[in-house]
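Report on the following structure.
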Amino acid sequence: MKLAIIVGLFIISCAAKTVRQERSFPDDFLFGTATASYQIEGGWDADGKGENIWDYMTHNKADVIKDLSNGDIAADTYNNYKMDVEMMRELGLDAYRFSLSWARILPEGFSHNVNEEGVAFYNNYINEMLKYNIQPLITLYHWDLPQKLQELGGFVNPLFSDWFEDYARVAFERFGDRVKFWITFNEPREICYEGYGSATKAPILNATAVGTYLCAKNLVIGHAKAYHAYNKDFKPTQNGQCGITISVNWFGAATDSEEDQIAAELRRQAEWGLYAEPIFSQEGGFPKELSERVAAKSTEQGYGWSRMPLFTDEDRDLVKGSFDFFGVNHYTAYLVSAAEEHKVQYPVPSLYDDSDSYTYTPDEWPQSASAWLKVSR
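With mature numbering (1 follows the signal peptide of the UniProt record, and there is no 0) applied, the sequence shown covers -16 to -1, 1 to 361.
Have a look at this one:
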């Protein structure tokens, strides 16, 4: 089954030269919705679940959240999953994408200690969906790393990719007989930039661009190891697919000037090329132009090495082509300028300072309820 939108174009000619376009979805297109474990589950310490980085942050640095809320109860899906599935049935969903809580399945983060009650919850959840012909799609990681792994460095520890592969294997073994679509990571930019390069999401390390780039490299290697584990050891009997989902907002040049065109390309590389190119490009590795820019800026800033780590040939070959599909989360668009009047003083060093690009949205673009989410024209 291909998860693709097929657009049919039909042109009807008449005396008035009317042109009519018809667009339709293929019969096997899956309509669904999605959630994340921390958003909905609650039961933050129920039945042997371990602490994750959002639990830790909201309990110890509560003022990071404007209204001081947390996910301790949330929608209480842990206790009300049947009600959730009933609502899915009423909506007529074909599919439902949800994420596993790594700490609910492996309380200490490692595969030596599997929490069977956590596994039972997900088995019951999956089976309830299948009862109503709702296809489960699982995201292995949606921002909620076990706190014990964070204390060992989390995504900037080079062993992270091995930890993630072990966790993925547990999930494939326990749920893969019924789950046919696997997403390794949801929105790597939000994990690596907002979690490690700024202070807007857990674990709020604000480790500048060094943390962002280390996280990005270890994340895509972890993705590749999980993909190859599935492809080699599980796909032959389970017949599923494995990919990654990246937030792909569009960044278009504000003008036709060469400076703005270059700035827009660098911004695209910084926002999502950093995670997509190692996996989906023919060359592999981080985007060339951004890598060169970071290396030059690192030298100017007094570093004895580039803040963006290199891929070994072995890493490059491991990651390149490690996908069955490319999941796209698209929200909005921005205009990108290199012009002085649009300059913003980004922290130095930082991902956005490295890209030398400045984004804005025109005032005439319609505003949604979210300040950052405008309707582009």
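Even for Gly, the Cβ is constructed at its ideal location relative to N, Cα and C.
Rounded C-alpha distance that separates residue i from residue j
i, j, result
"residue 365", "Y342", "Residue 365 lies beyond the stretch modelled for the chain, which goes from -16 to 361, so this question has no answer here."
"H126", "A20", "6 Å"
"G195", "K132", "18 Å"
"D12", "R251", "35 Å"
"W356", "D56", "27 Å"
"H96", "V154", "10 Å"
"Q5", "Y336", "40 Å"
"A353", "V48", "21 Å"
"G311", "S8", "20 Å"
"D297", "G288", "22 Å"
"G181", "A200", "11 Å"
"E242", "V328", "20 Å"
"Y151", "D244", "43 Å"
"Q266", "F156", "28 Å"
"M71", "E171", "26 Å"
"Y106", "Y315", "29 Å"
"N111", "I118", "10 Å"
"N54", "S231", "24 Å"
"D217", "R88", "24 Å"
"T184", "E261", "25 Å"
"K(-15)", "D308", "With a pLDDT of only 34 at K(-15), under the threshold of 50, the placement of this residue in the model should not be trusted, and no figure is reported."
"A317", "W349", "10 Å"
"A58", "I263", "34 Å"
"F15", "Q351", "26 Å"
"L52", "G138", "25 Å"
"V278", "S334", "10 Å"
"Q222", "R162", "8 Å"
"Y330", "R300", "30 Å"
"G286", "S275", "17 Å"
"H43", "W86", "19 Å"
"K50", "D39", "16 Å"
"A46", "Y22", "15 Å"
"T17", "V69", "12 Å"
"M67", "P10", "30 Å"
"P142", "Q134", "13 Å"
"G268", "H212", "16 Å"
When the options are compared against residue i, the one with the closest alpha-carbon
i, options, result
"L294", "W356, A186, D338, F270", "F270"
"R291", "F105, T184, V154, V332", "V332"
"G224", "W166, G179, V232", "W166"
"E74", "V154, Y116, D47, G288", "Y116"
"L90", "A104, I205, A46, W289", "A104"
"A79", "I49, A58, M113", "M113"
"Y259", "S306, D337, D340, M71", "S306"
"P346", "D340, S360, S339, D338", "S360"
"K219", "R300, K164, Y180, I118", "K164"
"M41", "N108, L129, M71, Y109", "L129"
"R81", "T168, L302, A87", "T168"
"G227", "E325, A210, T221", "A210"
"L124", "A186, Y214, Y330", "Y214"
"L121", "G160, M67, G138, G286", "G160"
"Y344", "A280, A247, A18", "A247"
"A280", "T229, A46, N313, S339", "S339"
"R173", "P10, G257, L143, V69", "G257"
"R158", "Y22, E100, A46, Q134", "E100"
Beta-carbon proximity of residue i to residue j, cut-off 8 Å
i, j, result
"C176", "L203", "yes"
"G102", "D31", "yes"
"V140", "L198", "yes"
"E273", "Q253", "yes"
"I205", "V303", "yes"
"N233", "E255", "yes"
"I37", "A208", "no"
"E92", "G179", "no"
"T229", "N108", "no"
Cutoff 8 Å: residue i Cβ touching any chain B Cβ
i, result
"H212", "Given the protein chain composition of this structure (a single chain), no chain B is represented."
Cβ contact check for the region 318 to 325 and the region 236 to 248: 3 or more pairs under 8 Å: Yes, since at least three Cβ pairs between the region 318 to 325 and the region 236 to 248 fall closer than 8 Å, the two stretches touch.
Runs of beta strand (DSSP E) wholly within the region 300 to 345 (minimum 3 residues, chain order): As far as the region 300 to 345 is concerned, its whole beta strand (DSSP E) runs of at least 3 residues are 310 to 313, 317 to 321, 342 to 344.
Inter-stretch contact (C-beta, 8 Å, three-pair minimum) for the region 182 to 193 and the region 142 to 162: The region 182 to 193 makes no contact with the region 142 to 162: fewer than 3 CB pairs, one atom from each, lie closer than 8 Å.
The region 57 to 67 touching the region 15 to 30, judged by at least three CB pairs closer than 8 Å: The region 57 to 67, when compared against the region 15 to 30, does touch it at the 8 Å Cβ threshold.
Runs of beta strand (DSSP E) lying entirely within the region 55 to 95, each at least 3 residues, in chain order: Segments of the beta strand (DSSP E) lying fully in the region 55 to 95: 79 to 83.
Completely contained beta strand (DSSP E) runs for the region 133 to 213, where each covers 3 or more residues: The qualifying runs are 165 to 170.
Within the region 218 to 254, ranges of the beta strand (DSSP E) (whole runs, at least 3 residues): DSSP assignment within the region 218 to 254 yields the following whole beta strand (DSSP E) runs of 3 residues or more, N-terminal first: 225 to 231, 234 to 237.
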